[in-house]
Each structure stands twice: as structure tokens, then as C-alpha cells.
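I have placed the structure first, in the form of C-alpha cells, so that the comments after it can refer back to it.
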Amino acid sequence: MQYSPAGGPVSMAADRRLLVSYDNYTAAQRAVDTLSDAGFPVENTAIVGSDLRLEETVTGRLTNGRAALSGLITGAVFGFVVGLFLGLFTSTTTSFFGLVLWSILWGAIAGAAFGFTSHAFTGGTRDFSSRSSIVAGRYDVLVASSLLDQAQALLQGGAPPADTVVVQRPPTAGPVTTSPAAADTAPQAAAYPAEEDRAVDQAQARDDDRADLPRGRRP
């Protein structure tokens, strides 16, 4: 952490560069773990999720009976915890177990009633249960700019994960460089169609000249 002349802290995140991007968090985590195993100072790295979206996974159909059963289980657990706490202030063992059992019973009844009533009031607009989570479409592994070359060398030396997809770098990651060999061969590949077109044009011109000659003369 650095400090500005005004006295406030300045985050090191502004000095980080993109190392590699993956389509899942597990692959990004393994990349950082690879750097850590190689002795790289991983305190200079960060995993940043981009393109965040909400995913809601439907776990099953929800009816009044299922809602009441779920409320019953929740209420029974809550009643058990409350019964244990209140049982600490009893003087006999019989009173302790009796209080715990009564707490579980009343908690289950109250939970079942609450679950049934709350689902009935929805009017059938949400007859399913689900689980929500926030996921990212791309996970970027960032490193300090001064250690970028070292991190790239260490990461390229290890075996890449077999079940991951490396996401293409965004335009802000810097220009994409091409090798000199590729630059030299590109114009040569484009020259072949031009030569073929020139030969076709010459042959067509000779055919036109022959068609213009008088019928009685031969060339």
C-alpha cells in the first residue's frame, strides 16, 4: 500500500496488468496456485471477475405441503436451540428434557404454519424452489506490471489445465503483436490470385482480337 502526497492510501490495483483470463474461477485459482508453487510473490496478484450475472438454479417444485414441511424442519431446529438455551436455567434433568421437547414441538408447529401461510399468500405465482448465485463470465488474473514477464514465464512453463478455456484478451490489454515471418508470408500469399487474374485477362483479350478479324482472313 502506497500513500499519496495528500496523505491518503493509494491502491496497487492501478499498477496491475492482465496475465491471463479464464472462463471459470477454478482455472484462475489453479493459475495463481501454480505461481505460488514456483515461488512467485502471489501477494502481487489478484483475481477479478468480469461480466457478472445472476444465475438462479431451480431445485424443484414447491407446493403448500412442501412449504409446510420446510417450515416445520426450520422451526424444529430453531425450537431445539431455544430449548437448549432455556434448559440451562432448569434445576432438574427432567425439566431440561421436557423444556427442550416442548420447544421443538412448538417450533415445528409454528414453522409449519408460517411456511404454509406464506406460500399460500403467493397465489401460485412462484410454485418452485431455487438457489441464486452471482457468477462471472470471465476471470482475469492480474499481476503487478513489474512482475508481468516473470509471471508469464512461470505460467507458460507449467502444464495448462485440461478442462479450462482461455478467454481472449480484451482490447484494453494491449496491442496484439505478430511475428516477422507471418508478416513476410502474407503479401506472397495474396500475390497468387493476382497473377491468375492477369493470365485470364490476357487470354480473353486474344480471343477478342481474333473475333474482330474479317471472316475471310486468317491470322
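The opening position of the sequence shown corresponds to residue 18 in the working numbering, with each subsequent residue numbered one higher. Ideal placement from N, C-alpha and C gives every residue a C-beta, glycine not left out.
| Considering G77, what are the terminal residues of the beta strand (DSSP E) in which it resides? | T62 to R78
| field | Burial state of D54 (16 or more Cβ within 10 Å) | value | Here D54 is exposed. Its C-beta has fewer than 16 other C-beta atoms within 10 Å.
| What is the DSSP secondary structure of D144, counted as helix, strand or coil? | coil
| task | Find the nearest neighbour of A242 within the set R70, G77 and D50, judged by alpha-carbon distance. | result | Nothing in the structure corresponds to residue 242, since the chain is present only between 18 and 236.
| Rounded Cβ spacing between F95 and G56 (contact assumed at less than 8 Å) | About 50 Å separates the two Cβ atoms, so there is no contact after all.
| message | Going by DSSP, what residue range makes up the alpha helix (DSSP H) through L103? | response | N81 to G104
| request: Return yes when the Cβ of F97 is within less than 8 Å of the Cβ of S67, no when it is not. | output: no
| request: Locate the alpha helix (DSSP H) running through S135, then write down its first and last residues. | output: T110 to A137
| request: Grab the span of the beta strand (DSSP E) containing L36 for me, first residue to last. | output: R33 to Y39
| query | If we count the other Cβ atoms within 10 Å of its Cβ and call it buried at 16 or more, is D166 buried or exposed? | reply | Exposed, because fewer than 16 other Cβ atoms sit within 10 Å of the Cβ of D166.
| message | Determine whether the beta carbon atoms of A84 and S163 lie at a separation below 8 Å. | response | no
| field | Element boundaries [alpha helix (DSSP H), containing A55] | value | From DSSP, A55 is part of no alpha helix (DSSP H); its letter is neither H nor E.
| query | With a Cβ-Cβ cutoff of 8 Å, do L237 and L36 count as a contact? | reply | Residue numbering for the chain in the displayed model covers 18 to 236; residue 237 lies beyond these limits and cannot be assessed.
| If we count the other Cβ atoms within 10 Å of its Cβ and call it buried at 16 or more, is V117 buried or exposed? | Flag for V117 reads buried.
| task | Rank T74, T76 and G82 by C-alpha distance to the C-alpha of A137 and give the top, closest one. | result | G82
| Near S147, what residues of its chain come up, given a Cβ to Cβ distance below 7 Å and the 5 sequence neighbours on each side ignored? | E73, T74, V75 and T76
| task | Return the Cβ separation of L79 and F145 in integer angstroms, given the expectation that the two are a contact with Cβ distance under 8 Å. | result | 5 Å
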